[in-house]
Amino acid sequence: MASHEDSDFSAKALHKRYEGLVTVRSKAIKGKGAWYWSHLLPLLVQHPDSGLPKAVKLRCSLCNAMFSASNPSRTASEHLKRGTCPNFNGIVPKPLASQSGPRLAGTLGATTPRKRNAPASSLSVDDTPCTELLVHTPRMLSGGKEDLGALALLEDSVKKLKSPGLKTGGSLGGLGGPNKAQVEAALNLLAEWLYESCGTVSFSCVEHPKFKALLSQLGLPPVSRRYLAGAKLDAKFEEVKQNSELKLREAMFFQLSSDGWKKKEPIGMGESLINITLNLPNGSTLFRSVVNVNSGPVSVKLVEDTLAEAVLSICGPAPERCVGIVADADKYTLKALQGLEYRFPRMVNQSCQAQGFSNLLKDFNKHLLLLRSVGSECMKVSAFFNTQPQARMYLQKYQRQEYDSLKLLRTPPDPQFADPHYAYVLLMLDDIAASARALQHTVIDDQFCLQLQDDQVARDVTGVVGSMRFWQDLEAVQELMKVVKVTVNDIEQDRPLVSQCLPLWDELRNKVKDWCAQYNKDEAPIHEIVERRFNKNYHPAWAASFILDPLYLVRDSSGKYLPPFRFLTAEQEKDVDRLITRLVAREEAHIALMELMKWRAEGLDPLYAQAVQVKERDPVTGRMRAVNPQSRRLVWETCLSEFKSLGKVAVRLIFLHATSCGLKCNWSLWRWAYRNGNSRQAVDKAEKMIFIASHANLERRDYSNEEEKDAELFMNGNGSGEDITDEVFMNATS
């Protein structure tokens, strides 16, 4: 009897402890508690037999590791601050209202009594005008609570610039010992892995005998596929959905990104899928939904209605919360984006710049005489060897000698059956360049010349392949294509903001100019093609955001950091004025223009300008990047808040993305759902898994998919890293 009473007492105590932790966490998430509760989730662990509470645990929402709930503060210090958690970014959000002395404004208004949240040393910048402005005007930041980490990082940069010898921030050393995952955490990870694989891994694999044996070896119980595809999937979907909606509610505004209009992904039943995500001011991206559209050409009205419905479903009666839309626009989508700007004047809608730069390849193929000439000659060479068995026999002989393999010479199909046709032309150029040595050996082979001496086409091909001018032009064309392709690849990796568009196009112009000098080509024709494409893509927001972005402030002779108006054309300066007046209320337009004149004359305090412009080398790409990208917007919400009207425009423009190509979904699950009779239940499960997987990829900043990774793995399976193309013989034999 005593044992039963002890069990009841213990269960009540555990319930009380669990409810207390839940209450504390709820308050903390609202800004009235410790920072670490946004990452730690209380769990009440039940006994598998009796169902009674067995223990109270804390689960890390970043890596799903389990801990004792006896000391949450110590758990946070050891697991999060000291770097044990593999997914923690190392930045601890600090409620700046708890700091003493002058500080940046724009933080939460309430002062927290928790001493441990205060930083080791407070920022003192009494001699800067920025700090004096907003100490007594606290307000929420546009990106929500996640902005606090970026704001703290901005403060650290200011401290380092003001006192170079001062070390700020905590150490990431002192790794704790590894934590053994409990059974529940392990099974949660298994379920999440299945969901995030998004159909590439079958649910039936968990009931495979070998997989069951693996679980047994690890001391884990078997798991049911019906449970994983049923209740567990529903619970995980609700958890991810609630987290997404919370982040969206915290953000003051957002940008809608739509991908799939230009390059449709067919899923069967005559339909394709359009991907819709939301870009938030704090730099994070939320997956919203996928929309079914017809696989064929779509009307402007369909595109406009689809995007408007997506915006209004989030904003309701306040569409101005959506700052704009970015989409991979074909001609219908582009007209729809323009129509939505007229319909919602506060929106800034633009086409994806990765798509815009890619279109240069099509422009060059269509309008650049050099590429058309080289393409015509390559087509003659490839068609000849593909249609003449005797000639192909000699080519294959030398391919075996030179490469130990056979290489195809692809010929582009008829343009009416190939879209985009220029892509096939570029593949043909690559094939010709890759077989350069074999081709040149073939045309000087005595037997080849003897057998085909009466064939006029063969003599023409021999003249082309033996021409030094042909190989020089082919090399030049390939180098030009490489310039554009590398730029597109960099854009897809870096996902630049709208303020970076003008510098990106200037960089491309300089590269093209260098190309013309290297290969002794006339600049005028290619410059005309680039400018025509630039004008098709240009949006006034490029110029306005470039001027308002503190990252591009230029230091003048007096030491001031001023906006780079001198890099704009006269028409672009007018675009800045027109856009700013459109994005503010009519009664504020003249105030905004006066503030723009003040911004042009005074700029930003040098200390804060330098803090925003601190850069580091990206370990992956090797290119320089801003250490704290969010500080570009945050200075407008804090030390530049005197610009009441202009600041509203700045914070809405600076965070806008210039690309819509971030997330690459795996559509195999959708195809599976449609193959199974298009049942509502199958589609519902597919939607939930895509939602979970997309959010996980966006949180990890993983913009690839498994199919591409596997293809890359098998293509480079020999360990060579990448295929090395053949060198082109410049000293061709006549």
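Just so we're aligned, residue 1 is where the sequence shown starts under UniProt numbering, counting upward by one. C-beta atoms are modelled at their ideal positions from N, C-alpha and C, and glycine is treated no differently.
Candidates the options, of which the one nearest residue i by Cα
| i | options | result |
| --- | --- | --- |
| Ser257 | Arg701, His657, Asn697, Asp684 | His657 |
| Val374 | Pro209, Asn489, Val461 | Val461 |
| Lys380 | Pro563, Val457, Asp549 | Val457 |
| Gln255 | Ser694, Asp575, Ile654 | Ile654 |
| Asn510 | Arg437, Ala213, Glu523 | Glu523 |
| Pro317 | Leu190, Phe344, Gly33 | Phe344 |
| Ser558 | Glu602, Lys485, Arg680, Ser142 | Glu602 |
| Arg17 | Ala55, Val323, Arg632, Cys198 | Ala55 |
| Val293 | Ile276, Phe287, Glu155 | Ile276 |
| Ala609 | Glu595, Pro619, Asp549, Arg625 | Asp549 |
| Gln46 | Ser70, Val22, His15 | His15 |
| Glu78 | Tyr36, Pro42, Leu41 | Tyr36 |
| Arg469 | Glu377, Val486, Gln453 | Glu377 |
| Ala383 | Ala336, Lys485, Asp431 | Asp431 |
| Leu187 | Leu220, Gln478, Ala213 | Leu220 |
| residue 740 | Ala433, Lys536, Tyr422 | Any answer about residue 740 is impossible in this case: the structure gives the chain only from 1 up to 734. |
| Asn628 | Glu309, Leu551, Pro53 | Leu551 |
| Val465 | Leu439, Thr333, Gln493, Leu452 | Leu439 |
| Glu595 | Leu553, Arg617, Gly647 | Gly647 |
| Ala185 | Phe253, Leu44, Ser313, Gln472 | Leu44 |
| Asp328 | Cys352, Asp454, Gly149 | Cys352 |
| Thr659 | Ser197, Leu497, Leu154, Leu369 | Leu497 |
Residue range of the alpha helix (DSSP H) that includes residue i
| i | result |
| --- | --- |
| Ile444 | Segment: none, Ile444 is in no alpha helix (DSSP H) and carries neither H nor E. |
| Pro72 | 72-76 |
| Phe470 | 468-494 |
| Leu593 | 589-602 |
| residue 760 | This structure cannot settle anything about residue 760, because the visible part of the chain is limited to 1 through 734. |
| Gln390 | 389-403 |
| Val240 | 231-250 |
| Phe534 | 523-537 |
| Ser313 | 300-315 |
| Phe357 | 353-367 |
Burial state of residue i (16 or more Cβ within 10 Å)
| i | result |
| --- | --- |
| Ile29 | exposed |
| residue 782 | As shown, the chain starts at 1 and ends at 734. That puts residue 782 outside it, with no answer to give. |
| Asn489 | exposed |
| Asn117 | For Asn117, the pLDDT reaches just 42, beneath the cut-off of 50, and the residue's location in the model is therefore unreliable, although a value from the coordinates is still provided. With 16 or more Cβ atoms within 10 Å of its Cβ, Asn117 is classed as buried. |
| Gly230 | exposed |
| Lys482 | exposed |
| Val303 | buried |
| Gly177 | Legend: pLDDT at Gly177 = 31, less than 50; position of this residue unreliable, value from coordinates given subsequently. When all chains shown are included, Gly177 counts as exposed. |
| Cys60 | buried |
| Ala517 | exposed |
| Val486 | exposed |
| Leu360 | buried |
| Lys180 | With a pLDDT of 49 at Lys180, under the threshold of 50, the modelled position of this residue cannot be trusted; read the value that follows with caution. Under this definition Lys180 is an exposed residue. |
| Thr442 | buried |
| Val477 | buried |
| Leu395 | buried |
Assumed close pair residue i, residue j - CB separation to whole angstroms, cut-off 8 Å
| i | j | result |
| --- | --- | --- |
| Phe67 | Thr75 | 5 Å |
| Cys639 | Asp605 | 7 Å |
| Asn279 | Gln630 | Rounded, the Cβ-Cβ distance is 13 Å, inconsistent with contact. |
| Val576 | Ala543 | 5 Å |
| Val323 | Met347 | 7 Å |
| Phe237 | Lys688 | 4 Å |
| Leu141 | Leu634 | 7 Å |
| Ala11 | Leu52 | 5 Å |
| Ile692 | Val240 | 5 Å |
| residue 739 | Leu408 | Coverage of the chain is limited to positions 1 through 734, which leaves residue 739 absent and any answer about it impossible. |
| Gln493 | Thr621 | 6 Å |
| Phe364 | Leu508 | Between Leu508 and Phe364 the Cβ distance is about 12 Å, and since that is not below 8 Å, they are no contact. |
Enclosing beta strand (DSSP E) for residue i [first to last residue]
| i | result |
| --- | --- |
| Ala55 | 53-60 |
| Phe344 | Where Phe344 is concerned, there is no enclosing beta strand (DSSP E), given that its DSSP letter is neither H nor E. |
| Asp556 | Run containing Asp556: none; DSSP gives neither H nor E here. |
| Glu637 | Per DSSP, Glu637 belongs to no beta strand (DSSP E); it is in the alpha helix (DSSP H), 631-637. |
| residue 736 | Examination of residue 736 is not possible in this model, given that the chain is present from 1 through 734 alone. |
| Glu616 | 615-617 |
| Cys322 | 322-327 |
| Ile257 | Reading off the sequence shown, one finds Ser at residue 257, where the question assumed Ile. Unbroken beta strand (DSSP E) run through Ser257: 254-259. |
| Ala626 | 624-626 |
Taking contact to mean at least 3 C-beta pairs separated by less than 8 Å, is the stretch 571-588 in contact with the stretch 391-400?
-> no
Meets three-Cβ-pair contact criterion under 8 Å: the stretch 146-159 and the stretch 191-205 | no
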